[in-house]
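Undergrad: Quick note on numbering: UniProt numbering labels position 255 of the sequence shown as 255, and the sequence is numbered without any gaps.
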Amino acid sequence: MVEDHDKVDKAVIDFRSTEEWLSYAKDLVPVALEKARKVNGFPGRWKMIISKLEQIPARLSDLSSHPCFLKNTLCKEQLQSVSKTLNESIKMAEKCSKEKHEGKLQMQSDLDALSGKIDLNLRDCGLLIKTGVLSEVALSSCTLSASEGTSHGSYSVTELLARLQIGHLEAKHRALDSLVDLMKEDEKTVLPFLGRSSISALVQLLTATSPRIRETTVTLICTLTESGICDDLLVSEGVLPPLIRLLESGSSVGREKSSIALRRLSVSPEIGRAIAGHGGVQPLTEVCSSSDSVSRSSATCTLKNLSVIPDLRQTLAEEGVVTIMIGLLDSEVLSVSEYAAECLQNLTSSNEDLKRAVITEGGVRSLLAYLDSGLPQEAAIGAIRNLVGSVSAETLISLGLLPRLVHVLDSSSTGAQKAAAGTLIRVSDSLEVKKVVGESGCIPLLIKLLDAKPNEVREVAAQAIATLMTVPRNVREVKRDPRSVPGLVQLLDPSPQNTAKKYAVCCLGVLSTSKKCRRLMISYGAIGYLKKLTEMDIIGSKMLLGRLQRKKFGNFFGKD
């Protein structure tokens, strides 16, 4: 007589070998089939159950014929699960055969549940073969302690990943907990083993009915996105829709972890487009107004990443992102304010409609106020620079732009200095404005930047000086600064890395009307540089070289 699995002594379950469990399951199959075939009620459902029970022997044969069948605890667990389901089938058949049993609807529900369990057993047996986990020895070199409440001493990483795909939800959750702990200790022990099947299983668990499992799963996926190794695989297996749903209706942990994961994934333009394509923009805007600072920061950063993509900017505007970002410029969370400024800079980089939207929503005043906050200023200045033209230079100056730019030019951030110098160039669109700009005190600071280390900062500083030197008063101020001629001469360096040489030639050409300046240029080696620049056809270099050589030749004979 086949023993009832539920009545088997716990000691018997613990010490029964894998081979014994196989024999036990095989013995149960004919009993279950015999009982099932005798049932008269619910013929359609029992016909389906019988057809599934008939598939079990072949699956057990496939499993037991694997060369590593006896080496992996998963096989033993799977046989236990199959045996339990077969015993449930026997009990259900006996119960259904009685003249009196519970209500019809309840019995139909129980039979459907039984059918689902058999499906799960058949599927899990197949997965054990397909995943290749049986080829791994359970006690490999990469192990960790099993979760509390399990009967196993240790699991290999491959085995844990397989457990995400087989068994009931609670068993999968224990495997998830172990993987999360292992990733915290050393993610390198897990990442090499991740494949499409395990990633697919993780993505499926994001939609589990248990909130606790969803939270653990999204925590693990969040950690995986930090590595950047499996981003494309995650997206191809459909991770974006459930992450976006967690933003909309998940728990606080679910929103936080999903927002962080989306932030990291959105660094890729292609994935950014996919996030928008799956309707992610609107939930992200809602999270931007949440009380959770981590989620708000991550959502703002994700929208900033999306704003880098030109074809998404109009979509962002239609979802109200312009107004939201202007409002976030004065956020008490510093990272949120920075991301908002960067987003506005991206949105205003080319689209005239978006520029007008920023202006209409009061973005200019908010950006200028942001410059007083002490936060990183490059993006905010860049956004203001983008708006020049859509807003007149006179208006910007009247709102106090120049003192703020002068302050930034005197800062230690080369990125912000470059942006400030570029904005000065943009606003200097008339002689009157150039005069006001020159009076603001920016010229000495621009001259100082001629010695900056980044090539692009030197270039924009030289260009700004050349732009302002069309006003005589500004020329006199450049002449008075003892650093101007040496700084400009060093920018005559003909090397390809020096992109400021054409502006240096322009500035020195204006200064060359002064005898003192010509002598300084010659003493600092300008003639040697200019000879090479003339060969390179740099505009103005031949004329300046001729002027310096004539004066030098004249000085040789005591003339000037």
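Glycine included, each C-beta is placed from N, C-alpha and C at the ideal position. Computed from a prediction, not measured in an experiment: that's the story for all the values here.
(1) I need the boundaries of the alpha helix (DSSP H) containing H173, first residue and last residue.
(2) Thinking C-beta only, is G254 closer than 8 Å to V218?
(3) Is the distance from the Cβ of V157 to the Cβ of V190 below 8 Å?
(4) Please classify A58 as buried or exposed, where buried requires at least 16 neighbouring CB atoms within 10 angstroms.
(5) P283: buried (16+ other C-beta within 10 angstroms of its C-beta) or exposed?
(6) Is DSSP giving S156 helix, strand or coil here?
(7) Please state whether the Cβ-Cβ distance between V321 and L334 is less than 8 Å.
(8) Are the CB atoms of L79 and W21 nearer to each other than 8 Å?
(9) Throw me the rounded Cβ distance for the T467 and S428 pair, which I believe falls under 8 Å.
(10) Shorter than 7 Å, the distance from the beta carbon of A25 to the closest heavy atom of the ligand NAD, or not?
(11) At the level of alpha carbons, what is the spacing between I49 and S23?
(12) Using CA atoms only, rank isn't needed, just tell me which of G238, I213 and H168 is closest to I199.
(13) With a floor of 3 residues, list each beta strand (DSSP E) that falls wholly inside the UniProt domain "DUF7032" (25-133), ordered by position along the chain.
(14) Kindly indicate the opening and closing residues of the alpha helix (DSSP H) around V235.
(15) Any idea what DSSP makes of E319, helix, strand or coil?
(16) Using 10 angstroms around the beta-carbon of I539, count the other beta-carbons present and answer buried if the total reaches 16, otherwise exposed.
(17) Is the region 532-546 touching the region 488-495, taking contact as three or more C-beta pairs under 8 Å?
(18) Nearest to T360 by alpha carbon, out of I381, G167 and L387?
(19) With distances taken between CB atoms, is the gap from T300 to V267 smaller than 8 Å?
(20) Contact defined as beta carbons within less than 8 Å: I believe I213 pairs with H173. What is the distance between those atoms, to the nearest angstrom?
(21) Between the C-alpha atoms of S390 and L160, what's the straight-line distance to the nearest angstrom?
(22) Excluding the 5 residues flanking D410 on each side, which residues of the same chain have their C-beta closer than 8 Å to its C-beta?
(23) Evaluate K434 with the Cβ neighbour count: other Cβ atoms within 10 Å of its Cβ, from every protein chain shown; 16 or more gives buried, anything less gives exposed.
(24) Under a Cβ-count criterion, where at least 16 other Cβ atoms within 10 Å of its own Cβ denotes burial, should Q348 be classed as buried or exposed?
(25) If you draw a straight line from the alpha carbon of E19 to that of L70, how long is it in whole angstroms?
(26) Restricting to runs no shorter than 4 residues, where is the alpha helix (DSSP H) found entirely within the region 194-282?
(27) Based on the DSSP secondary-structure assignment, which residues constitute the bridge partners of V408?
(28) E226: buried (16+ other C-beta within 10 angstroms of its C-beta) or exposed?
(29) Given a threshold of 16 other Cβ atoms within 10 Å of its Cβ, counted over all protein chains shown, does G242 qualify as buried or as exposed?
(30) Please report how far the alpha carbon of G149 lies from the alpha carbon of M325, in whole angstroms.
TA: The answer reads as follows:
(1) L169 to D186
(2) yes
(3) yes
(4) exposed
(5) buried
(6) strand
(7) no
(8) yes
(9) 5 Å
(10) Ligands displayed in this structure: none; no statement on the ligand NAD is therefore possible.
(11) 22 Å
(12) G238
(13) none
(14) D231 to S236
(15) coil
(16) exposed
(17) yes
(18) L387
(19) no
(20) 5 Å
(21) 59 Å
(22) L445
(23) buried
(24) According to the sequence as given, residue 348 is Thr; it is not Gln. Result: buried.
(25) 8 Å
(26) 196-205, 211-227, 231-236, 240-249, 252-265 and 269-277
(27) Looking at the DSSP assignment, V408 forms no beta bridge with any residue, so it has no partner.
(28) exposed
(29) Note that residue 242 is Pro in the sequence shown here, rather than Gly. Flag for P242 reads buried.
(30) Bear in mind that a pLDDT of 33 at G149, under 50, signals an unreliable position, so the model cannot answer this.
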